[in-house]
Structures are given as C-alpha cells and as structure tokens.
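*Asks:* Structure below; questions to follow.
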Amino acid sequence: MHGESQYRVPLIRGDKTYHQITEDICAPIEGRAGKLWYLAFTVSAVAALWGVGCISYLLGTGVGVWGLNRTVNWAWDITNFVWWVGIGHAGTLISAVLLLFRQRWRMAVNRSAEAMTIFAVVCAGMFPLIHMGRLWVGYWTLPLPNQFGSLWVNFNSPLLWDVFAISTYFSVSLGFWYTGLIPDFATVRDRQVIPWMKKIYQITSFGWSGTAKQWQRFEEVSLVLAGMSTPLVLSVHTIVSFDFATSVIPGWHTTIFPPYFVAGAIFSGFAMVLTLLLIMRKVLKLEDYITIGHVESMNKIIIVTGSIVGVAYITELFVAYYSGVQYEQYAFLNRATGPLAWSYWIMMGCNVISPQVFWIKKLRTNLTFTFFMSLVVNVGMWFERFVIIVTSLHRDYLPSSWTMFYPTWVDVGVYVGTMGIFFTLFLLFSRTFPVIAMAELKSILKISGEGWKKRQKEHEHEHDHH
Amino acid sequence: MIYAVYDDPDTTVEAGRIVTDAGIKVNTVYSPFPVHGIDDAIKLPRTRISVAAFMFGAMGTSFAAWMTWYMLIYDWPMNVGGKPSFSFAENFPSFVPVMFELTILLGAHGMIWTFFFISGILPGAKNKNPDPRTTDDKFIIEIDPSKQAQKEDEIIGMLKNAGAVEINRGE
C-alpha cells in the first residue's frame, strides 16, 4: 500500500476503524429521522404535489397557460431545463473525472453528488417533455418505424441530439451510481436485523458477496464507466448549448457556447452540491468524512469554473463589439441597458464578481459563508440561462416583433414543483441509501485517516531516532 | 472449506501470497472493499470486461451509423434548408452526436449487465459470503483443503502464522 505525505491534510478525521466507518454511515439508515427531516420532507412533498398539479393543468389546457408568445417562444421552460441539467453535471464530474485524476477527496462526496445528478436530470427531463404540449405523442421523438410512411426523426437537429444525449446521460449515470451502491447495500444488508428491511436490502444488493473476482471486475467497470462518463458529460452539455449555438438569433449564434455552457454547468453543479452537502454533513453527523478540506476543494473548482464563465462573458461582449455586426451589438446593449437589464446585472454580480471572493483562504474555508455563496451562484446561474434565452428572443432582428415577457403562475408553479421533487427525492435518499461510498472510503483509511497518519508519523520518528 | 479471518488488508495480501507461493489454490478472498495487491497475490487472472465494453461500444457506433444512413439518406431523405440530403459523407458531422451517444449507451449498459450476469449479481440473488463481517471490517481467505496437496493442519498453520485472527470451518 502506498503512503501519503504528512503534509497532506487527512481526508478522514478522528481515529476511525473500518467498523466505525460502517457504523457512522449506516446510522442515518438505521436510526429514526428527526423532526427537521419530517418538516423538510413535508414542505418539499407539498411543493412537489403542487408542481404535479400545475403540470396536469398545463398538459390539459395547453402551453398557452405559460407566459410564452410568438416572439418569446422559450422562457422559463428551457431556462429550467438547462439549469437542472447543468446542476446534474457536477455529480458526474465528481465521480468520473475526479476518479480518472485519482483525487481521493472525491470518495466522501461522490455518492450524494451522483444522487443529486440523477434527481436533477429527472427534473430537467420533464421540461422538454411537457413543453412540447402533446406529451402523449412524445415517443415521436424516437426513431421508431411507423405508419406515416415511416416518417423518421431529423438527425441533423440539435433538438434531436438532445433526446439521445439526455436519455443516455440519465441512464448511464443511473447505472454508474447503482453499480457503485451495490457493495454498500450489501454492508447495510449484512447488518440489518429487521426482517423486512433485510429483505429489501437483500434485493437491492443483488446478492453481492465481495469476492476478489467481483471486486476486480467492479474496479474495472468503475474505471471504464468513468472513462465513458467524462466525454459523455462534456458532450451532453455541448449538445444542450447547440440548441442555441446552431440557431441564427443574435446572442445565441456563437461558437463560445460549448465550453462556456460546460464550465457554467460544472460551476452551478458544484454550488448545488455544496448547498446540499453542507446541510447533510451537519444533520447526519458526517463532519469527519465531509471535511472542511473537501469543501475547500469544491470551492477551488468554483473559482476556476466561475472564472471561465466570467471570461466567456467578456469574450462575448468584446466579439460583439469587434465584429461590427449591429444585431449582435444590439443584443448585448439590450441585455445591459434594456428593460430586462436588472436580470443581466444580477447574473453578472452573482457569477462574475462573487466567486472571486474564494481566492481568500479565510472565506473559502468558512462553511457559513460558503453556504451563502452556493445559493448566490445557483441564483446567478438561473439568471444566466434566463438572460441568454429571454433577452435574446424578445428583441432580435425585427423591431415590430419586439415584445416583453412575463411569467405566469404556471411557469413559477412548475419550477417550484421541480424543486419540490428534487428535494423530496434527495431527502428520501439521505435516509434510505448510504450517502457516502463506504467501501471506497475504507480503502483509503490507512493512507488518509487522521489516526493512521499520526501513527505513521510516530513510526517514522522512531526510525529516525535509531 | 477453510475460512481464515483477518482484520487488516495488508496482512491478508501477505497471507494470500504466502499460501499461493506454496502451491495452495486460494478459492477467493472476501473483503469489504477492493484490496490492492490481492489479485497478484492469489494469482487471479485479469478480467476481460473492458473488452466486452469495447465490443458493445463498437456495436453502438456501427448501429448508429447504419441507422442514420438508412433513415435520412436512403429511406426518406428530406430537404431541410437545402442541405445535401443524398450524401452520408456530407451529413456525417451532424450525425456524430447521435453516433457518440449510442456508443456510450450500448457500451455502458452492455458492460454493466455483462458484469452482473457473469458475477452472479442480480436482483434476488443470494449472497455467498460466509460471514456477515466481511462487508464490515473483516477479510476472509477461502481454501478448499480437499483439493490441495498439503495437509489441512499445515495449511491452517501457514494461515495462522500469517496473522489470521480466526480460523473457521464450513461447507
């Protein structure tokens, strides 16, 4: 087993044993939930039901119940879609990219981050389906043989690439997440005494026995899935950006969108991971595993991706000016000074200025401040998608088509509903699934556990003194 | 069946190496997490699951290439904004996203289900670890004494010397 430098901060605090790790992480599953959980669950579930109601009204009455019109034909629907998909990308990045880069700190956060991805993509996927109006013929987006002379889908269209991209992303992320969960479900199963609970975890653990061959294949599968998921996450958000970039709308038709969207997705995704994890680590008493060091690493990724987003904004502005194209120039002039300028400046403030504060070590290791900032970034990134979509559409080439956009209660209701669905699912997850990858974490205990590193240090000192 | 219980991964690897070098065939080692070095110690053959992933992925690419050619170039080419609809080569760049996604879709799912089937892990399957502590903090080396040249006592002696905290018998 390789050792680790003493300079590196331990990733597992306290003097833990393998058994202690099992106990700490299984405790939320085996214990009773507190009042706070029930309160949060009730609020989310009510919001989710409200959302289901709004969606039913939408599907029953028609897309006209939203604030859309002929000029602004995409607004909150696609803003929310891109926002949720972007949030989902952080989970895949943590599990896949950080595995390829051999970053051990990912192990304490990847399970819950991936769960967040699954739930976020569930919420995201609803929007393309419900915004089509006739959800019941949604299967027409699939290339299935049919009786219309076999009318096929248009493979040249980014809207169709989205169908393949989002479905692949959702199913592969689900597969990656679940495969990793199997050994941990086995741990929960083998500890369970309540018969019906034991039966449930018996089924969910797929009969995992933990033999050397199973582990060998498991490691190989995880590595290959990580290798596949990395280009997947990059391609999915690139394809989402193509929904705009391949059009002709000023402010949309720009080649900077793929890297800009991908960086922005990781930026907003990490902010949501922090929002969820800062609460979860406190409530489920997992501070020894999700340490300040983990939070600091995530904040560093926020600075990098936030800066990329900031540079992208400035590039857009410069190229609009330098190109001399009056439509592009007006698109940005309108964003900054037109009737929706308030949304543009919220976006700029939240996304460009605020992440820069994390250069200060004191701020990026402060948990309360980080939590507040994570909310700021989430809001800022929602406004970014809103600004891109609505300000570009409401005033494009033909001034006689210029009009304002106002959301209706159904726009807001569906969005609040998806928040409700997301938090309901996450709250259920936090009490029934092992929220930290137990098996993975145990594999680094001897290298990165605080107690072990201390003993290693003393051992070295003994050797030095001889 | 001899089950030698250990409580440290490095000790387990060393024990596995000692008995394997002495010519004893280790059935398997149960552990709560993947132990590095155990594959070499007990001379476990390399897994070919990634070859399966590659083959499934290649199937995905070929299927997607055929599908997009058949549907948009051969069967019902459509005039979309005057784009060259009768040439696969000229449309190929815009088919790449679909081809890429189907590669990953088939590759990932093919590999995952192959892994499940060949490892015997499926919904409803019964787990085979002899001791529930192996998913918590213990490591068990399983040896079938009836198939070895050495006597049972000799094998147990080696395992104990290597640091076993318990020796259990089973079927």
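In order, the protein sequence lines correspond to chains F and D. Residues 1 to 466 in the working numbering are what the first sequence spells out, letter by letter. Residues 1001 to 1171 in the working numbering are what the second sequence spells out, letter by letter. Note that beta-carbon positions come from the ideal geometry of N, C-alpha and C, so glycine has one too.
Taking all protein chains shown into account, decide if F/Glu287 is buried (16 or more other Cβ within 10 angstroms of its Cβ) or exposed.
*Replies:* Burial call: exposed.
*Asks:* With a threshold of 8 Å between beta carbons, is F/Thr141 in contact with chain D?
*Replies:* No, no contact with chain D.
*Asks:* Give me the DSSP bridge partner(s) of D/Phe1139.
*Replies:* According to DSSP, D/Phe1139 bridges with D/Tyr1006.
*Asks:* Please classify F/Phe148 as buried or exposed, where buried requires at least 16 other C-beta atoms within 10 Å of its C-beta.
*Replies:* It counts as exposed.
*Asks:* Closer than 7 Å by C-beta to F/Leu276: which residues in its own chain qualify, once you throw out the five before and the five after it? Chain order, please.
*Replies:* Closer than 7 Å at Cβ, skipping near neighbours: Ser112, Met116 and Phe426.
*Asks:* Does the Cβ-Cβ distance between D/Thr1061 and D/Val1035 come in under 8 Å?
*Replies:* In this structure, D/Val1035 does not lie closer than 8 Å to D/Thr1061 by Cβ.
*Asks:* Helix or strand or just coil, what does DSSP make of F/Asn378?
*Replies:* The answer is helix: DSSP assigns F/Asn378 an H, G or I state.
*Asks:* Within the stretch 399-435 of chain F, note down every full alpha helix (DSSP H) run reaching 4 residues or more, in order along the chain.
*Replies:* 409-432, all fully within the stretch 399-435 of chain F.
*Asks:* Run the CB neighbour count on D/Thr1134, radius 10 Å, all protein chains shown included, and call it buried at 16 or more, exposed below.
*Replies:* By the 10 Å Cβ count, D/Thr1134 comes out buried.
*Asks:* Would you tell me roughly how many angstroms separate the C-alpha atoms of F/Ala48 and F/Ile87, rounded to the nearest one?
*Replies:* Each residue's alpha carbon lies about 19 Å from the other.
*Asks:* Can you have a look at F/Ala320 and say buried or exposed, based on whether 16 or more other CB atoms are within 10 angstroms of its CB?
*Replies:* F/Ala320 comes out buried.
*Asks:* Closer than 7 Å by beta-carbon distance: list the chain F residues that pair up with D/Gly1030, in chain order.
*Replies:* Rather than Gly, the amino acid found at residue 1030 of chain D in this sequence is Tyr. Chain F residues near D/Tyr1030: Ser209, Gly210 and Thr211.
*Asks:* Can you tell me whether F/Val471 is buried or exposed, with buried defined as 16 or more other CB within 10 angstroms of its CB?
*Replies:* The displayed coordinates of chain F run from 1 to 466. Any statement about residue 471 of chain F would go beyond what the structure contains.
*Asks:* Which complete alpha helix (DSSP H) runs does the stretch 346-396 of chain F hold, if anything under 4 residues is left out?
*Replies:* Here the runs fully enclosed are 361-364 and 367-386.
*Asks:* Can you give the beta carbon distance from F/Ala437 to F/Met107, rounded, assuming they're within the 8 Å contact cut?
*Replies:* At roughly 5 Å, the Cβ-Cβ gap stays under 8 Å, so F/Ala437 and F/Met107 are in contact.
*Asks:* Closest to F/Gly479 by CA distance: which of F/Ser392, F/His131, F/Glu450 and F/Glu460 is it?
*Replies:* Residue numbering for chain F in the displayed model covers 1 to 466; residue 479 of chain F lies beyond these limits and cannot be assessed.
*Asks:* Quick one: grab the DSSP three-state call for D/Ile1156.
*Replies:* Correct three-state label for D/Ile1156: helix.
*Asks:* Check whether the Cβ atoms of D/Ala1162 and D/Ala1052 sit closer than 8 Å, and answer yes or no.
*Replies:* Going by C-beta atoms, D/Ala1162 is not nearer than 8 Å to D/Ala1052.
*Asks:* Hey, F/Ser241 and F/Phe261: beta-carbon distance below 8 Å or not?
*Replies:* Result yes, Cβ atoms of F/Ser241 and F/Phe261 sit closer than 8 Å.
*Asks:* Considering only residues of the same chain and omitting the five flanking positions on each side of D/Leu1122, which have a CB-CB separation below 8 Å?
*Replies:* These residues qualify, in order along the chain: Phe1116.
*Asks:* Taking all protein chains shown into account, decide if F/Met404 is buried (16 or more other Cβ within 10 angstroms of its Cβ) or exposed.
*Replies:* The residue is exposed, with fewer than 16 neighbouring Cβ atoms inside 10 Å.
*Asks:* Flag D/Gly1163 as yes if its beta-carbon sits less than 8 Å from any beta-carbon of chain F, otherwise no.
*Replies:* So, not an interface residue.
*Asks:* Do you know how far the Cα of F/Val224 is from the Cα of D/Arg1048?
*Replies:* Between D/Arg1048 and F/Val224, the C-alpha separation is close to 12 Å.
*Asks:* Please state whether DSSP places D/Asn1030 in a helix, a strand or coil.
*Replies:* Residue identity differs from the one stated: residue 1030 of chain D is Tyr in this sequence, not Asn. Three-state DSSP puts D/Tyr1030 in a strand.
*Asks:* Using a Cβ-Cβ cutoff of less than 8 Å, which residues in the same chain neighbour D/Asp1144 once the five nearest sequence positions on both sides are dropped?
*Replies:* Contacts found: Met1001, Ile1002, Lys1025 and Asn1027.
*Asks:* Give the secondary structure of F/Met1 by DSSP, where H, G and I count as helix, E and B as strand, and everything else as coil.
*Replies:* Annotation note: pLDDT 47 at F/Met1 (below 50); position unreliable, no value reported.
*Asks:* Would you kindly work out how many angstroms separate the C-alpha atoms of F/Thr187 and D/Ser1094, rounded to a whole number?
*Replies:* Looking at the two C-alpha atoms, the distance is approximately 46 Å.
*Asks:* Quick one: which chain D residues come within Cβ less than 9 Å of F/Leu197?
*Replies:* The amino acid at residue 197 of chain F is misidentified as Leu; the sequence shows Met. Ordered by position in chain D, no residue passes the 9 Å Cβ test against F/Met197, which lies about 14 Å from the chain.
*Asks:* The alpha helix (DSSP H) with D/Ile1104 in it runs from where to where?
*Replies:* Looking at the DSSP string, the run of the alpha helix (DSSP H) that includes D/Ile1104 is Phe1088 to Ser1119.
*Asks:* Can you tell me which of the three DSSP states F/Ile12 falls into?
*Replies:* Here F/Ile12 sits in strand by DSSP.
*Asks:* Can you tell me the Cα-Cα spacing of F/Thr204 and F/Phe185, whole angstroms?
*Replies:* In a straight line, the C-alpha of F/Thr204 is about 7 Å away from that of F/Phe185.
*Asks:* What number of angstroms, rounded off, separates the C-alpha of F/Pro145 from the C-alpha of F/Met419?
*Replies:* Between F/Pro145 and F/Met419, the C-alpha separation is close to 37 Å.
*Asks:* Return the chain-ordered list of same chain residues with a C-beta closer than 8 Å to the C-beta of F/Met1, the five sequence neighbours on each side being excluded.
*Replies:* Bear in mind that the predicted position of F/Met1 carries a pLDDT of just 47, short of 50, making it too unreliable to give a figure here.
*Asks:* Inspect the CB distances between the stretch 291-304 of chain F and the stretch 360-375 of chain F and report whether three or more fall short of 8 Å.
*Replies:* With the cut-off at 8 Å, the stretch 291-304 of chain F and the stretch 360-375 of chain F touch.
*Asks:* Going by Cα to Cα distance, which pick from F/Val304, F/Arg395 and F/Val248 is closest to F/Ile266?
*Replies:* Selected option, being the one with the closest Cα: F/Val304.
*Asks:* Rounded to the nearest angstrom, how far is the Cβ of F/Val435 from that of F/Met197, given a contact under 8 Å?
*Replies:* Between F/Met197 and F/Val435 the Cβ distance is about 17 Å, and since that is not below 8 Å, they are no contact.
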